[in-house]
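If you use our numbering, the sequence shown corresponds to residues 1110 to 1369, in order. For each residue, glycine too, the CB sits at the ideal point set by N, CA and C. All of these numbers come straight from a predicted model, not from anything done at the bench. Heads up, the thing below is written out as structure tokens.
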Amino acid sequence: MQNRCSCRILSALSSLLLFLATLSFSAAGSPETSAEKPVFRFNISPNGYPPYLIVDQKNPSGIMWDVVSAVAQRMGYTVIAEQIPRKRVDEMILQGYIDGTPRAREWADDPEQFLFTDPVVDIDEVFFVPAGSGFSYESPEDLISKTVVTHLGYRYPLLEPYFAEGKIRRFDVSRDRDMFTFVLHGDRFDAAVADRLVGKWILRNEGLRESFDIASQSISHYGLRLMLRKDWESFATNFNKELAQMKENGELDAILANYR
């Protein structure tokens, strides 16, 4: 009798635990289903993307983190930082393990699978070259037979045909900071291509600002947005409204000024 009673209790507990686990999983998958304060799981990547995302300190910071945190708080969300490697991000968004990541639509492998907010900030990719090198850039033809240091995994649509034909050589590195080291100390590297604000941030923090010149002509101009699952349309709509207000009242400019 005691054994049968114990079995019934264990069976009831197992059923309860299974129900709670299922409920928890369902709530995590969509912002609309949780009875508690909803959570936005935001990818900041393991290395960040200074000054847009800065992770080498106690708490995350950076332009995108500050904007997303401010907007999400007003929308009633708690933002949780997740550090997901680039090659796993898309899959983990689609499967519901994370909810969003900073991304330009042009950088996405399959942009039609995702939902994008309005641009938060502009990405302006330019060439950084050793000071006094005499390098000038007007068009990709100016790079023929040169070697450009690029970020591993990034695409540069304007230059891709030249890379494919071998007219311009590409040398990939995994960290933005290393791009400048290779150009400055490597004899066979002519220029690094990086976002203007990212490059200035690195050079300022590394004490290298006087060691580089920056080409005035950019090779691309993209909007850095939030990339979300398509079932987050309500979140995206409200995010865009709050973002527009931040741009109008000067709050976004104040955040940008902190990182320039």
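Handout entry: Cutoff 6 Å; reference Arg-1278; Cβ partners in own chain excluding five residues on either side
Key = Thr-1256
Practice task
Express the C-alpha separation of Asp-1340 and Ser-1133 in angstroms, rounding to a whole number.
Solution key: Confidence is the limiting factor: at Ser-1133 the pLDDT is only 38, short of 50, which leaves the residue's position unreliable and the question unanswerable from this model.
Problem - Where Asp-1287 sits in the DSSP three-state scheme - result: helix
Practice task
Go ahead and label Asn-1314 buried or exposed: buried means 16 or more other beta carbons lie within 10 angstroms of its beta carbon, across all protein chains shown.
Solution key: The residue is exposed, with fewer than 16 neighbouring Cβ atoms inside 10 Å.
Problem - Nearest-angstrom Cα separation, counted from Val-1176 out to Pro-1159 - result: The straight-line gap from Cα to Cα measures roughly 14 Å.
Practice task
Answer yes or no: do Phe-1095 and Phe-1237 have a C-beta to C-beta separation smaller than 8 Å?
Solution key: Outside the shown range of the chain, which is 1110 to 1369, sits residue 1095, and nothing can be said about it.
Exercise for the section: Just confirm the distance between the C-beta atoms of Phe-1348 and Val-1235, as a whole number of angstroms; I'd bet it's less than 8 Å. Expected result: No, Phe-1348 and Val-1235 are not in contact; Cβ-Cβ is about 29 Å, not under 8 Å.
Handout entry: Residue of Ala-1353, Phe-1344, Lys-1356 and Asn-1367 minimising C-alpha distance to Pro-1147
Key = Phe-1344
Handout entry: Which residues DSSP lists as bridging Asn-1152, in chain order
Key = Glu-1191.
Exercise for the section: Report yes if the CB atom of Val-1198 is closer than 8 Å to the CB atom of Asn-1152, and no otherwise. Expected result: yes
Problem - Own chain residues within Cβ distance below 8 Å of Leu-1067, not counting five before or after - result: Lying before the first or after the last residue shown, residue 1067 is absent from the chain, which here runs from 1110 to 1369.
Handout entry: Own chain, CB closer than 8 Å to Phe-1149, minus 5 neighbours either side, in chain order
Key = Excluding sequence neighbours, Phe-1149 sits near Pro-1140, Val-1177, Ala-1181, Tyr-1186, Thr-1187, Val-1188, Ile-1189, Asp-1208, Gly-1209 and Phe-1344.
Problem - Any alpha helix (DSSP H) of 4 or more consecutive residues that is wholly inside the stretch 1182-1264 - result: 1195-1203
Problem - Assigned exposure category for Thr-1259 - 16 Cβ within 10 Å defines buried - result: buried
Practice task
Please confirm whether Ala-1324 and Tyr-1246 have their CB atoms less than 8 Å apart.
Solution key: yes
Handout entry: N- and C-terminal bounds of the alpha helix (DSSP H) containing Gly-1308
Key = Its alpha helix (DSSP H) spans residues 1305-1315.
Problem - Extent of the continuous beta strand (DSSP E) to which Lys-1280 belongs - result: Before going on, a small fix: residue 1280 reads as Phe here, not Lys. Element bounds for Phe-1280: 1278-1282.
Handout entry: Contact under 8 Å by Cβ, Leu-1337 with Asp-1227
Key = Between Leu-1337 and Asp-1227, the gap from beta carbon to beta carbon reaches 8 Å or more.
Practice task
State yes or no: is the C-beta of Tyr-1384 within less than 8 Å of the C-beta of Val-1302?
Solution key: The question about residue 1384 has no answer, for the chain in this structure spans 1110 to 1369.
Exercise for the section: Have a look at Asp-1165, Ala-1366, Ser-1329 and Tyr-1368 and flag the residue whose alpha-carbon is nearest the alpha-carbon of Glu-1215. Expected result: Per the C-alpha coordinates, the member of Asp-1165, Ala-1366, Ser-1329 and Tyr-1368 positioned closest to Glu-1215 is Ser-1329.
Practice task
Leaving aside the five residues before and after Ala-1366 along the sequence, list all residues of the same chain whose C-beta is less than 6 Å from its C-beta, in chain order.
Solution key: none
Problem - Whole-angstrom C-beta distance between Arg-1212 and Ser-1154, which should lie under 8 Å - result: Not quite, the Cβ-Cβ distance comes to about 11 Å (not below 8 Å), so this is no contact.
Problem - Residues near Asp-1218 by beta carbon distance below 6 Å, same chain, minus five either side - result: Excluding sequence neighbours, Asp-1218 sits near nothing in its chain.
Problem - C-alpha gap between Glu-1360 and Glu-1274, whole angstroms - result: 45 Å
Handout entry: Simplified DSSP assignment, three categories, for Leu-1333
Key = Leu-1333 falls in the strand class under three-state DSSP.
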